[in-house]
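Number of protein chains: 2
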Amino acid sequence: MRVKIADVARLANVGAGTVSRVLNGSRNVSPETREKVEACIRELGYMPNLVARGLAANRTGMISAIIPAIGYTQHAEVMQGLSDVLHENGIQLMIGHCGYSIEREEQIVTDFLERRPDAFYLTGAWHTPQTRRLIEASGLPVVECSNLTDNPIDSVVGYDNYEAARQMVHLLHRRGHRRMAIVTNAVEPNDRMADRLEGYLAASRELGLDMDDLVFRYQNSFLGGGEAVGHALNLPKPIDLLVCSTDVMAVGAIFECQRRGVSMPDQLAICGFDDLPIATSINPALTTVSVDRFEMGRQAGQVLLQRLAGEAAPHKKIDVGFTLRERQSTYAASTGGARPTIVPVETVPLI
Amino acid sequence: MRVKIADVARLANVGAGTVSRVLNGSRNVSPETREKVEACIRELGYMPNLVARGLAANRTGMISAIIPAIGYTQHAEVMQGLSDVLHENGIQLMIGHCGYSIEREEQIVTDFLERRPDAFYLTGAWHTPQTRRLIEASGLPVVECSNLTDNPIDSVVGYDNYEAARQMVHLLHRRGHRRMAIVTNAVEPNDRMADRLEGYLAASRELGLDMDDLVFRYQNSFLGGGEAVGHALNLPKPIDLLVCSTDVMAVGAIFECQRRGVSMPDQLAICGFDDLPIATSINPALTTVSVDRFEMGRQAGQVLLQRLAGEAAPHKKIDVGFTLRERQSTYAASTGGARPTIVPVETVPLI
DNA sequence: TCTTAAATTGGAAGCGCTTCCATATTGACT
DNA sequence: AGTCAATATGGAAGCGCTTCCAATTTAAGA
Numbered sequence: 001m002r003v004k005i006a007d008v009a010r011l012a013n014v015g016a017g018t019v020s021r022v023l024n025g026s027r028n029v030s031p032e033t034r035e036k037v038e039a040c041i042r043e044l045g046y047m048p049n050l051v052a053r054g055l056a057a058n059r060t061g062m063i064s065a066i067i068p069a070i071g072y073t074q075h076a077e078v079m080q081g082l083s084d085v086l087h088e089n090g091i092q093l094m095i096g097h098c099g100y101s102i103e104r105e106e107q108i109v110t111d112f113l114e115r116r117p118d119a120f121y122l123t124g125a126w127h128t129p130q131t132r133r134l135i136e137a138s139g140l141p142v143v144e145c146s147n148l149t150d151n152p153i154d155s156v157v158g159y160d161n162y163e164a165a166r167q168m169v170h171l172l173h174r175r176g177h178r179r180m181a182i183v184t185n186a187v188e189p190n191d192r193m194a195d196r197l198e199g200y201l202a203a204s205r206e207l208g209l210d211m212d213d214l215v216f217r218y219q220n221s222f223l224g225g226g227e228a229v230g231h232a233l234n235l236p237k238p239i240d241l242l243v244c245s246t247d248v249m250a251v252g253a254i255f256e257c258q259r260r261g262v263s264m265p266d267q268l269a270i271c272g273f274d275d276l277p278i279a280t281s282i283n284p285a286l287t288t289v290s291v292d293r294f295e296m297g298r299q300a301g302q303v304l305l306q307r308l309a310g311e312a313a314p315h316k317k318i319d320v321g322f323t324l325r326e327r328q329s330t331y332a333a334s335t336g337g338a339r340p341t342i343v344p345v346e347t348v349p350l351i
Numbered sequence: 001m002r003v004k005i006a007d008v009a010r011l012a013n014v015g016a017g018t019v020s021r022v023l024n025g026s027r028n029v030s031p032e033t034r035e036k037v038e039a040c041i042r043e044l045g046y047m048p049n050l051v052a053r054g055l056a057a058n059r060t061g062m063i064s065a066i067i068p069a070i071g072y073t074q075h076a077e078v079m080q081g082l083s084d085v086l087h088e089n090g091i092q093l094m095i096g097h098c099g100y101s102i103e104r105e106e107q108i109v110t111d112f113l114e115r116r117p118d119a120f121y122l123t124g125a126w127h128t129p130q131t132r133r134l135i136e137a138s139g140l141p142v143v144e145c146s147n148l149t150d151n152p153i154d155s156v157v158g159y160d161n162y163e164a165a166r167q168m169v170h171l172l173h174r175r176g177h178r179r180m181a182i183v184t185n186a187v188e189p190n191d192r193m194a195d196r197l198e199g200y201l202a203a204s205r206e207l208g209l210d211m212d213d214l215v216f217r218y219q220n221s222f223l224g225g226g227e228a229v230g231h232a233l234n235l236p237k238p239i240d241l242l243v244c245s246t247d248v249m250a251v252g253a254i255f256e257c258q259r260r261g262v263s264m265p266d267q268l269a270i271c272g273f274d275d276l277p278i279a280t281s282i283n284p285a286l287t288t289v290s291v292d293r294f295e296m297g298r299q300a301g302q303v304l305l306q307r308l309a310g311e312a313a314p315h316k317k318i319d320v321g322f323t324l325r326e327r328q329s330t331y332a333a334s335t336g337g338a339r340p341t342i343v344p345v346e347t348v349p350l351i
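Following this line, the structure appears as structure tokens:
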């Protein structure tokens, strides 16, 4: 807190600039000088002041990230991957949570800009016009973690939610499921959920299933999933598959079926989206869409690091792909429904 | 990014100091001047540079927080509460994750100190000597979120894990459970888990239950909880209650019992610790210890804000208390075990 | 009306660093 | 030896802000 570059410089009998060069690993320092300076740094227990560095160098070594909520597994995992990559490069994360509100996101962007981050990480590709304006005006590198939108601010990392939902419906249709409904979120709309719904509806149309009126909207929570089951069981014409837009709702649905003595997948099959850790533990294990979210975070980090290093590949788009995980909560191929085993299915590969 | 205080000052025809005083709400500015300056700020779209302010004022408006992992619900909830309180006061959080390693924690503290935070939030009260030395030398306010240790660095916010475990055992003993075992974590030891075990063993001794050899160690995960059930069912002398040190393990245990057709709570009762959202949804609903973690975060934030405001009540200790939640995974009073209903139980009140 | 204290204000001096420029030194070729 | 480029180095000039001090203005008493 007290010893500064000037003190080190004085002790080492060199100029402040030289100490700075040693600290920043500049090539233009003789080995002897470097060693001498490093010894003095150790002797004095010098600790750089990154605030001062940030001001002088116009580079803070901080990256702003905005996610819906800190406690949501999906986003937390991405943050962990992102943070790991950045940490290795001496960069810290500044995390804000906007609770799925793009107005709140705008506020956070405004606040964060005052702290002069070197880059931005945003969740989703839906923002207020002002958010987009602010960020574009700042000229900072940005990565949006989302669908692979065609109109990104800068770069996007993500996977195709639409296609994942679409493929899931096709797969389960091949497995014998015929009449299905989807549960999507009633509040906090966002682009990823919207795309999942679109993909589902597209598949439904392709298969001629006529399920347009079977879109349930409940809160994205265990409770919401449970309520959807209640609704589903009261339908005049029963369904045999409930497609949940998130694993959280799917888990809630499974619990509700257990409570009501509904057998899965025979009486009602259930699938989810996200492949949370619980999806493999629950009974029956949950058929769902799996994405490597740590990897998403790491990729996002890599993109930002490249951007910061000046490699300006405009509009980079990174597809981390997804995998359909077929488990016991839906019929699997060739088992007639009893204790189905996992069957390998097609995957959208990395581009 | 470009307009600075000097520009505002020039336009408003005042000194830079005056603009600064307006920005920081100093009392010594005439209303007319203030208004004029504010108009110019708006006109130019001036946005303060908090990096420069941090350097000049020796106050960054950032607080460092270190938690085991971003994605663990317990800690994420605390962060959310903390972040909310700080945000209202224009303070940002700098979050690092140490993965339960105090060596890694030390590294993060070292890194964070270079960014000159105004305060620290630490998880737990177990740190390396060097961590403690560094933080004490920095003279910054600290709050540890943990047990209510008697030897805090500065302030502590938390609840009594020992007492919670102890009371849980006493309660379940009154409900008729006699032979029990505890599952605790095999890796990543930490003070809170240790205290829970201690409390459990203390109660066991008080009740003369002789359960010292029934301490299982498994990974703190769904899988670990499941394995513990496997172990428990193979005991020569069967147990009737499995006390899990975390809800995650308890949920894993419940799933495993479902898979094995073990009826709960009749054949095996299960209780947990943390009261995660899933505890109320799962079948049977999980008896557990509940703590308001958002509130813990908010309290931690309040303490830090007070400290920053200069109110130096040394060694503040804040007990947020806990509540035993009795649910269907254990016998409840007066029901003989069948579909027990929730019974109000004693709570350790806020101090 | 004259003092004196309080309220305002301008402006300079940093905060601790990076970076540019000028200078000094070295070494490789002629 | 002499030349020129490459390599090292010191040091000053900021980066954009806060804050202190001195100066000025205003208000309040006497």
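Residue numbers (full-length UniProt numbering), protein chains in the order written: chain P, 1 to 351; chain H, 1 to 351.
Glycine is no exception: its CB is placed at the ideal position from the N, C-alpha and C atoms.
Nothing here was measured: the structure is a model prediction, and the numbers come from that model.
- Along the segment 34 to 101 of chain P, the beta strand (DSSP E) occurs as fully enclosed runs of 3 or more residues at 62 to 67, 92 to 97, listed in sequence order.
- Within the segment 49 to 66 of chain P, the residues whose Cβ lies closer than 7 Å to some Cβ of chain H are N49, L50, V51, A52, G54, L55, T60, listed in chain order.
- Residues of chain H with a Cβ closer than 9 Å to the Cβ of I135 (chain P) do not exist, since the nearest Cβ in that chain sits about 11 Å away.
- In the three-state DSSP reduction, G158 (chain P) falls in the strand class (E or B).
- Only those residues of the segment 231 to 252 of chain P whose C-beta falls short of 7 Å from the nearest C-beta of chain H are listed: G252.
- Between the alpha carbons of M193 (chain P) and N185 (chain P) lies a gap of roughly 7 Å.
- Distance from the Cα of R59 (chain P) is smallest, within the candidate group P:G81, P:S83, P:D154, P:I91, for P:I91.
- Here DSSP, grouped into helix, strand and coil, assigns E295 (chain H) to helix.
- Sequence-distant partners of T110 (chain P) (beyond 5 residues in either direction) whose C-beta falls short of 8 Å from its own C-beta, in its chain, are L134.
- Ranking P:D118, P:H170, P:P152 by CA distance to the CA of P129 (chain P) puts P:P152 first.
- Within the same chain, and ignoring the five residues on either side of D84 (chain P) in sequence, no residue has its Cβ closer than 6 Å to its Cβ.
- Less than 8 Å separates the beta-carbon of V243 (chain H) from that of I182 (chain H).
- Inter-segment contact for the segment 251 to 261 of chain P and the segment 44 to 54 of chain P is absent: fewer than three beta-carbon pairs are separated by less than 8 Å.
- Relative to V291 (chain P), the option among P:S204, P:S146, P:E198 whose CA is nearest is P:S146.
- For the segment 127 to 173 of chain P, the continuous alpha helix (DSSP H) assignments of 4+ residues that do not extend past its boundaries occur at 129 to 138, in sequence order.
- At a cut-off of 8 Å between beta-carbon atoms, Q306 (chain P) makes no contact with chain H.
- Take T73 (chain H), set aside five residues on each side of it, and the residues of its chain with a beta-carbon closer than 6 Å to its own are L276, in chain order.
- Counting only the Cα atoms, M62 (chain H) lies some 14 Å from G54 (chain P).
- Partner residues in a beta bridge of S30 (chain P), as assigned by DSSP, do not exist.
- Rounded to whole angstroms, the Cβ separation of D240 (chain H) and D274 (chain H) is 22 Å, and the two are not in contact under 8 Å.
- Between A300 (chain H) and chain P, the shortest Cβ-Cβ separation is not below 8 Å.
- At the C-beta level, V320 (chain H) and S155 (chain H) stay beyond 8 Å of one another.
- Cβ proximity to chain P below 7 Å picks out L113, E114, R115, R116 from the segment 106 to 134 of chain H.
- Residue contact check for L93 (chain P) against chain H: a CB pair falls below 8 Å.
- Chain H has no Cβ within less than 8 Å of the Cβ of G81 (chain P).
- Within the segment 196 to 276 of chain H, the runs of beta strand (DSSP E) that reach at least 3 residues and sit entirely inside it are, in chain order, 215 to 218, 241 to 244, 269 to 271.
- Put simply, of H:E43, H:P68, H:V14 the residue whose alpha carbon is nearest the alpha carbon of S30 (chain H) is H:V14.
- Here G208 (chain P) is actually not in contact with A165 (chain P); their C-beta atoms are around 17 Å apart, not less than 8 Å.
- The C-beta separation of Y331 (chain H) from A269 (chain H) comes to about 6 Å, placing the pair in contact by the 8 Å criterion.
- In the displayed model, S281 (chain P) falls within a helix according to three-state DSSP.
- Residue burial is scored here from C-beta neighbours: S204 (chain H) has at least 16 other C-beta atoms within 10 angstroms and is therefore classed as buried.
- In the DSSP annotation of this structure, L324 (chain P) is not part of any alpha helix (DSSP H); the continuous beta strand (DSSP E) holding it starts and ends at 322 to 325.
- Residues T60, M62, I63, S64, M94, L140 of the same chain have their beta carbon placed closer than 8 Å to that of P117 (chain H), with the five preceding and five following residues left out of the count.
- Taken through DSSP and simplified to helix, strand or coil, L23 (chain P) comes out as helix.
- H97 (chain H) belongs to the set of residues whose beta carbon lies under 8 Å from a beta carbon in chain P.
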